[in-house]
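K.L.:
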Amino acid sequence: MKAGRPPTPEQRQAEHHRWVTRAERVAELIDGHARRTDGRDPAPPVAEAELLRQHGLLTLLTPAAHGGAGLTWRTALAAVRVLARADGRIGYLLGDHYVSNASIWLAGGPRVQSLLGRPSAERQWLWSDVVVPGAAPLELTADGDGYRLSGTRLAPIGVAAADMTVVAAADTGTAEPLLVGVPRESKGVSFTPEPESGVPRPDGVNVRYDRVWIPSEHVVCSLDPDTATPRSSLLGLAVQAVSGHLCLGIAEGAMRYCRGGAPGAAPPGARALAGYGTWLAALDAAGELANRIAEQIGDAAARPTLTWPERAELAARVSRLPILAADLATEVTFGLYETTSDWPATAQQGFDRFWRDARAYTASMPLDKRRREVAQHFLTGAEPARTDLA
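Written out as structure tokens, the structure is:
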């Protein structure tokens, strides 16, 4: 939306629907490609990123004052969910972009926002991240007015197509964890494919940083919990919300794919019908939760001030979404996989991608940790982690 007079609720709703419609047009194109390739294309999603760029989806969340569309997380998460219904890989790509780009708006200062924000909007950069909580940190060695970044990390395949990547690394002198921005064309950045393993996963490329120059103005923020603010910690909640909408989108896409049946397949029996009914009811309920969470994160991000107690309450609500959505994605896609076992091979092969995507993206989610945090907050009022980007 354009900067100036605040829009009316009706205008906000119309703008939201306009952008969701854009996402639906992209999803139609992506769905056709996914059906032809069975979703197994291992190459960096350069063409898909260009499709997102052409439809303006990469600047949806960027503030209008910096050249973006100025929409909220409500619309961004809806777009992720729409694309995930067509292809989980592209839903993940867009969600990862939104979270990575949002790091400069939620956690970065005016300097990094000015330096990276407007060029990103003008050139429609695709963003990605190399952030692996719990892994040995990449190294940042002080060098003049900046750092040298070194190390290797297994990363999402989107990193190889991204124009800008935010990377978590530790200052070797102080051990402070930092989030830094790394342009794709930086000298010393290289990519090698990850050999296929027996378990599908969203990771797809090894990225190596060989003394890559990081100017001080590319330091987005500290990841030290002691320096976090309620606003900067919204970044971790956005990660969880994206994961939840991604999983829901995959499950919803699987249901839609099976809705028309398959030529030559027998009508679903009583057991299958019971499954469909249960899954539809559960997805509707989870969708309502997802919509509320999207609104609440958008409202929190738009507020000039946010307290830690307010953030803790929001975090406890947000964490419920990935728990529920991941379980549903697994249950629905596996249940449908069994239900469609008598379909012709070509039709069942087209469905496989939903099951594989559900396995891939839920496998990397720290669901047990989320369950403990939700339970501890309910039982004792314990505050969820403040700077958790998983």
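Here the sequence shown stands for residues 27 to 416, where the numbers follow the numbering used here. Built from N, CA and C at the ideal position, the CB exists for glycine as well. These numbers were taken from a predicted model, which means no experiment stands behind them.
#1: For the segment 240-296, list the alpha helix (DSSP H) runs that are entirely contained and at least 4 residues long, ordered along the chain.
#2: DSSP three-state label for residue 209, please.
#3: Just curious, the alpha helix (DSSP H) that residue 146 is in, first and last residue?
#4: Please list the segments of the beta strand (DSSP E) lying wholly inside the segment 81-168, counting only runs of 3 or more residues, in order along the chain.
#5: Starting from residue 351, follow the alpha helix (DSSP H) in both directions and report where the run begins and ends.
#6: What did DSSP end up calling residue 195 once you bin it into helix, strand or coil?
#7: Would you kindly check if the distance between the Cβ of residue 267 and the Cβ of residue 349 is under 8 Å?
#8: By DSSP's criteria, residue 217 is part of a beta bridge. Which residues make up the other side?
#9: State the start and end residues of the unbroken beta strand (DSSP E) segment that holds residue 181.
#10: Would you mind sorting residue 300 into buried or exposed? The rule is 16 or more other CB atoms within 10 Å of its CB.
#11: Please report the Cβ distance between residue 103 and residue 271, rounded to the nearest whole angstrom; I am assuming they are in contact, meaning their Cβ atoms lie under 8 Å.
#12: Counting Cβ pairs, one atom from each stretch, are 3 or more of them under 8 Å apart for the segment 356-370 and the segment 310-327?
#13: Strictly by DSSP, which residues pair up with residue 204?
#14: When the Cα atoms are used, what is the spatial distance from residue 284 to residue 105?
#15: When burial is assigned at 16 or more other CB atoms within 10 Å of the CB, is residue 47 buried or exposed?
#16: Thinking just about the alpha-carbon of each residue, which of 381, 411, 315, 242 is nearest to the one in residue 114?
#17: Starting from the Cα of residue 171, find the closest Cα among 218, 241, 355, 111 and give me that residue.
#18: Go through its chain and collect everything with a Cβ distance to residue 123's Cβ below 6 Å, but skip five positions before and after it.
#19: Should residue 34 go down as buried or exposed, given a rule of 16 or more other Cβ atoms within 10 Å for buried?
#20: Beta-carbon within less than 6 Å of residue 244's beta-carbon, same chain only, minus the 5 sequence neighbours each way: which residues are those?
#21: Skipping 5 residues on each side, what residues in its chain have a beta carbon closer than 6 Å to that of residue 168?
#22: Whole angstroms are fine: how far does the CA of residue 278 sit from the CA of residue 83?
#23: CA-CA distance, residue 302 and residue 355?
#24: Give me the Cα-Cα distance between residue 280 and residue 317, rounded to the nearest whole angstrom.
#25: Could you tell me if residue 377 is buried or exposed, where buried requires 16 or more neighbouring beta carbons within 10 angstroms of its beta carbon?
P.N.:
Quick answer:
#1: 260-285, all fully within the segment 240-296.
#2: strand
#3: 144-149
#4: 153-156, 164-168
#5: Element bounds for residue 351: 346-365.
#6: strand
#7: no
#8: 233
#9: 172-182
#10: exposed
#11: Cβ atoms of residue 103 and residue 271 come within 8 Å of each other, at about 5 Å.
#12: no
#13: 195, 248
#14: 22 Å
#15: exposed
#16: 381
#17: Minimum Cα distance to residue 171 is reached at 241.
#18: 152, 153
#19: Classification of residue 34: exposed, given that the 10 Å Cβ count is below 16.
#20: 206, 207
#21: 199
#22: 21 Å
#23: Near 13 Å, if we compare the C-alpha coordinates of residue 355 and residue 302.
#24: 20 Å
#25: buried
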